[in-house]
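Everything on this sheet refers to the single structure shown next.
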Amino acid sequence: MSTIISHTPTWVFVLFFVLIFFGLKQTKPRQINLLQALLLPFLMIVLSLAAVITSFEFNSTSLILWLTGGLLSLLLTTRWSLLGEVNYDAQSKHFSLAPSWLPFIAIMLIFFIKYAVAIALARELPFTLDMDFMIIISVIYGLFCGFFAARLICVFQAIKA
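Reading the sequence shown from the start, the letters are residues 322 to 482 in the working numbering.
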């Protein structure tokens, strides 16, 4: 374990603490502007896509599975209202976001799954060559993408309301 940590680039630790910071902010009620409302979901979608691409290159199967997982998660997240309430005040041009631990958990899961996958690929573990591995990981990353895409939709719906 110490070998793995010692070979981890410094930027990964910086990213980890930045993600903790932004994740914990999601657990408190807050007022934010449009840029702030869009930034975290957008970055997490990009991180999710980058995780698929860096793990499996531009493999069309993994990208289709990522997209499928994303659409499934998007539908379920919006259907079950898992994101909490998002309200928009047109006068102040700010959003009021309800506190939720779900974004923090999703952020941490993306990070730790990406970290574990990177370790497995770097160590060239045999299971990383299995099609099942690529299928499972691509769909998981897609599920996270859909969760954060649902947040973007909630932001735009709040503006229209």
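Ideal Cβ positions, reconstructed from N, Cα and C, are used throughout, including at glycine.
These numbers come from a predicted model, not from an experiment.
Exposure of residue i, with buried meaning 16 or more beta-carbon neighbours within 10 Å
i	result
T398	buried
Q347	buried
W387	buried
I428	buried
A411	exposed
F338	exposed
F377	buried
S327	exposed
Secondary structure of residue i, DSSP reduced to three states
i	result
F416	strand
T348	coil
S376	helix
S369	helix
W332	helix
Reference residue i; option with closest CA among the options
i	options	result
T324	A443, L395, Q478	A443
V407	D451, E445, A358	A358
A441	F337, L336, F342, T375	T375
L364	V438, L340, R351, L345	L340
R400	A439, I326, F468, S417	F468
F334	F433, A470, F454	F433
S459	I385, A437, I426	I385
H415	F448, V476, I456, N380	V476
L368	L396, N354, Y436, T331	Y436
C466	S394, S417, G405	S394
S421	I353, F379, G344	G344
Strand pairing of residue i, partner residues [DSSP]
i	result
I353	F416
Limits of the unbroken alpha helix (DSSP H) element including residue i
i	result
D453	452-481
L270	Residue coverage of the chain in this structure runs from 322 to 482, which leaves residue 270 outside it and unanswerable.
T389	381-400
S323	323-327
Extent of the continuous beta strand (DSSP E) to which residue i belongs
i	result
C408	In the sequence under discussion, the amino acid at residue 408 is Asn, which differs from the Cys named in the question. Segment 407-410, the beta strand (DSSP E) holding N408.
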